[in-house]
């Protein structure tokens, strides 16, 4: 039963990952009119579905970057397998709850933050609570860039800066090269370019992010004795994770799409193509180097860079500061939730009762946040409304 709860909550995380990160690929295409909102999320959902099947190379060892609950081949640590693996399952369940809680809160606030870092933060917090500081892989063994510092924190600091610089230079060059071309021709051409570059980012997102949930579910199956192959992932796990992230993407995180597409920069098609091209390049290079990169950090940095690179463009720095603040507290906030939920489960005996209670708490919090979001709904019909409403016209009596 604990295994069932872990699988269900893991798929729920995958679902929130999908709608939370839709904006990374499609916010600029929606904002510039290159794609209508519903077509954009449908395309992103389809490409996330395809991308989830393209690669599972690092799925089974994805948690090794931050916590020490697996061996190098992906098998669970033997000392965590007592009681049918319940010790490890509770740690994983609490970590997933930490990631989901942070995803939902930042979605409610319309703040783009990293789903990957939320998952890692939740797992770190739950592992610290369950195993102590020795259970966290802080720096690796020193032979390569690894651990929380090397694979999570350093890329989080560097990736938005690099993506922003690439997008800023690309935007500046685009406007210089097309200075003598009529705007109606550049808008049409760059909108087609946007569709291509946004599709690439969606495909890469499905490939990278779905693997994390596949790895977590397979780790739980191995820990509970329901799977023994550390080289392959069950097909049903691949299919369920692909469908979950694609469904979430199709649902569309409209609140975050609005923030990235309208709140940060008033973006035009040339900027959109430059931003998405920069995002795609940085994501692919970082994936090749094996960094646990956040597509959200990259996409946001690229959009900000496209605003800086366009002469006369307006950048809303107050919104950018709010985003950066959310990035900074993602790991500790998700970690705190993961640790607290582990303690609650442990207080109730660490077995099925604890797992049921912390899952019920997550469900209650999710329903409360969803109901609160209905007070000021964001949907395809208003996602492109002006960010700052014009001041009402004041009339004066004669």
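In the UniProt record's numbering, the protein residues as written are 1 to 398. All residues carry an ideal CB built from backbone N, CA and C; glycine is no exception.
With fewer than three CB-CB distances shorter than 8 Å, the stretch 126-141 does not count as touching the stretch 264-275. Here DSSP, grouped into helix, strand and coil, assigns residue 136 to strand.
Taking 8 Å as the cut-off, the Cβ atoms of residue 243 and residue 43 do not count as close.
The continuous stretches of alpha helix (DSSP H) do not include residue 293, and DSSP gives it neither H nor E. Going by beta carbons, residue 213 and residue 41 fall outside the 8 Å limit. Residue 380 and residue 31 have their C-alpha atoms some 11 Å from each other.
For residue 235, the number of other beta carbons within 10 angstroms of its own is below 16, and it is reported as exposed. The beta carbon of residue 368 lies closer than 7 Å to none in the same chain, with the five residues before and after it left out. In the pairwise beta carbon analysis, the stretch 181-200 is classified as not touching the stretch 307-317: fewer than three pairs are separated by under 8 Å. Secondary structure of residue 378 (DSSP, three-state): coil. Per DSSP, the unbroken alpha helix (DSSP H) holding residue 124 starts and ends at 115-131. Under the three-state reduction of DSSP, residue 67 is assigned to strand. Residue 1 sits exposed, since fewer than 16 C-beta atoms from the chains shown fall within 10 Å of its C-beta. The three-state secondary structure of residue 332, taken from DSSP, is helix. Of the candidates 361, 220, 175, 112, the residue whose Cα lies closest to the Cα of residue 18 is 112. Only residues of its own chain outside the window of five on either side were considered, and among them 86, 87, 90 have a CB closer than 8 Å to the CB of residue 350, listed in chain order.
By alpha-carbon distance to residue 385, the top candidate from 21, 15, 37, 14 is 37. Distance check between residue 204 and each of 267, 54, 103, 23 places 54 closest, using alpha-carbon atoms only. If you compare the alpha carbons of 255, 167, 33 with that of residue 105, the shortest gap goes to 255.
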